[in-house]
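The working numbering puts the first residue of the sequence shown at 1, with every later residue one more than the last.
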Amino acid sequence: MLLPWDDYNNNPWTRAWKEKLNINVTYNWNDAGGTQYDTKLNMDIAAGNLPDVFRVNYNQFRELIAADLLLDITDVYQQHASRRIRDYEKTDPDTIKTAMVNGRLYGVPNYYYGVIDQPRDLWVRKDWYEAAGSPAIKTIADFEKLAKTFMAAHGGYGIASSNTLEELFMTGPMFGVYLGNPFMNTDFWYKDATGRIKAGISHPEMKTALTYWAKWFKEGILNPDFASTDYNKMLEDIVNGKTGMEPYWQWQGWHAGPNLVASQNSNNAYMIPLPFPTEDGSQVMGQVGFPNSYLFVISKNCKNPAAVMKLLNFTDKIMFDENTVLTEKEFRDFTDGQREHTPAPFNIIDPSADMLQFVHVLHALKTGDTSELFTSGMKKKYADSIAWLEKGDTGGLGAYLQQGFDGCAYDRSKFLLDNNFIVRTDMWGAPPEDFTKTVNAFDVAVQGFTKIILGQEPVSSYDSVIAAWYAGGGTLMEEAVNREYNK
């Protein structure tokens, strides 16, 4: 985040780079973000007019390699990247390979905060749950009973749902099926009983999931208006108390927490994470997808690639090195109370960052000993959690629910990871290039599933829906995934 008096070319980071490294950094696209960034980058790729260093997705990376516009950084990486950054390969030895061509390195992965952030949870209104006696939710029958208890006591419907089906797809592990994100037009790929990698929607357990979803819609557990309910309307329903359960990511406390507490005028009116139940009460599995989305690359015309490595080293040291000591002013200047968003595209992320953060923050909250909070993220999450606990500051609720107590979201994820209760995608890398030829294939399946859930088509029509998906691009994608990842 930028301070009000700074801009992208003049801020604490750019000034530190100049003062400490004698490197001037100028951003070419000061106003570019999101799709605007991609548009400008694609135009510059087409024109062959590239910045010295920039961030790319995997499709852009392929295009740049084909056009011979990227620098082979194998040697400069080995000579000038810090030991810390190169050691990230020990945590994740596979992701660095996605930046290699014929054994040579052409980019550095952005990496990620850790797979601890991937498993989803069933988030339940704490005050309603306690009023219902805090029953154990082990089986799907237990879940349905609690949903109906909430509906009888508070009205509304049982579980938050929107017309993207994203929330419903998150419940897949309840039925033994692992699904992607329909909102992002992506699926999750893993092997079937024969060893062939298949999209989650094409595994037989998907039919079980649809059977339950259709049942829940008929019984009012799903939002009766979910076919016309977008994400914002779903969030509004949560905040207004129309539903008390939501399948969601570990950051649910930021997503709905502050507004829910304010709307219900109660510091006990927030959602807590519970494990998803299963049909027979057996252990639910967590889902882990390939986490890296971007690579940092250097233009072939860059005159000083070693300087790029020094910038990466500096940012990594400030944000993640336990030996870095910052004054309070430096901490505020570099993070603005947040984390590492300002220095893009130089923010390599420690792939063990959030696991370490959780362990240290929880320890500090339990003991009061803050001496081992060595990164800005740890200090921030601890301070936010304390602000919620001691002052009821809802700005700290998200941090507290994510990592502030036994049973928090990261505690539940760590349990799954520690015990290998995990289903990891078998497409551990970038989607194959053939995926670009099937842009709307997933939409066919989502539309068919929606009709089944609404009762407009029987569950038996699942077979024809999947056949249409295969015909519309599923076959091409499945063959590409198996060709590239099933070796």
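Virtual Cβ for every residue (Gly too), placed ideally from N, Cα, C.
- The shortest CA-to-CA distance from Leu-397 to any of Met-355, Phe-435, Asn-267 is the one to Asn-267.
- In this structure the segment 167 to 180 touches the segment 208 to 225; the number of beta carbon pairs closer than 8 Å is three or more.
- Closest in C-alpha terms to Ser-202, from the list Gly-448, Asp-127, Lys-487, comes Gly-448.
- Counting only runs of 4 or more residues that sit fully inside the segment 48 to 124, the alpha helix (DSSP H) segments are 58 to 66, 74 to 80, 83 to 86, 88 to 91, in chain order.
- Linking Asn-232 to Arg-62 through their CA atoms gives a straight-line distance of about 35 Å.
- Beta-bridge pairing by DSSP links Lys-145 to no other residue.
- Three or more beta-carbon pairs drawn from the segment 214 to 234 and the segment 148 to 157 are found closer than 8 Å, and the two stretches are therefore classed as touching.
- With respect to the 8 Å criterion, Pro-432 and Val-465 are not classified as neighbours on the basis of their beta carbons.
- Within the DSSP bridge table, the entry for Ile-298 names Val-53 as partners.
- Setting aside the 5 residues that flank it on each side, Asn-110 is surrounded in the same chain by Tyr-294, each with a C-beta closer than 6 Å to its C-beta; the list follows chain order.
- Secondary structure of Tyr-178 (DSSP, three-state): coil.
- Rounded to whole angstroms, the Cβ separation of Met-271 and Gln-252 is 6 Å, and the two are in contact under 8 Å.
- Cβ-Cβ distances below 6 Å link Asp-92 to Pro-351 in the same chain, with the five nearest sequence neighbours on each side left out; the list follows chain order.
- By the Cβ test, the segment 274 to 293 is not in contact with the segment 23 to 30, since fewer than three Cβ pairs between them sit closer than 8 Å.
- Per DSSP, reduced to three states, the secondary structure at Val-459 is helical.
- Going by beta carbons, Asp-72 and Tyr-248 fall outside the 8 Å limit.
- Per DSSP, reduced to three states, the secondary structure at Arg-483 is helical.
- The DSSP assignment places complete alpha helix (DSSP H) segments of no fewer than 4 residues inside the segment 221 to 303 at 231 to 239, 252 to 255, 257 to 264, in order along the chain.
- Separation of the CB atoms of Tyr-400 and Leu-417 is rounded to 21 Å, and the pair is thereby denied contact status at 8 Å.
- Your pair Ile-221 and Glu-144 checks out as a contact, with CB atoms roughly 7 Å apart and the cut at 8 Å.
- Within the DSSP secondary-structure output, Asp-7 pairs in a beta bridge with Asn-10.
- In this structure Leu-69 is not in contact with Leu-41, their Cβ atoms being roughly 12 Å apart against a cut-off of 8 Å.
- Burial is judged here by how many other beta carbons sit within 10 angstroms of a residue's own beta carbon; Asp-354 has at least 16 and is buried.
- Taking 8 Å as the cut-off, the beta carbon of Ser-162 is found closer than this to the beta carbon of Asp-230.
- Taking C-beta atoms under 8 Å as the contact rule, Leu-373 and Phe-346 fail to qualify, at a distance of about 24 Å.
- Ile-140 is not bridged by DSSP to any residue.
- Secondary structure remark: continuous beta strand (DSSP E) runs of at least 3 residues inside the segment 389 to 435, in chain order: 422 to 424.
- Sixteen is the threshold: since fewer than 16 other Cβ atoms of the shown chains lie within 10 Å of the Cβ of Gly-48, the residue is exposed.
- With respect to the 8 Å criterion, Ile-85 and Asn-486 are not classified as neighbours on the basis of their beta carbons.
- Per the DSSP secondary-structure output, Ile-159 pairs in a beta bridge with Leu-222.
- When secondary structure is reduced to three states using DSSP, Ile-349 falls in the strand class.
- Separation of Thr-35 and Thr-425 (C-alpha to C-alpha, rounded to the nearest whole angstrom) is 27 Å.
- A direct Cα-to-Cα measurement between Val-361 and Leu-454 gives close to 44 Å.
- Taking 8 Å as the cut-off, the Cβ atoms of Ile-65 and Val-101 count as close.
- Beta-bridge partners assigned by DSSP to Thr-186: Asn-181.
- Looking only at Tyr-58, Asp-75, Ile-116, the smallest Cα-Cα distance to Cys-408 is reached by Ile-116.
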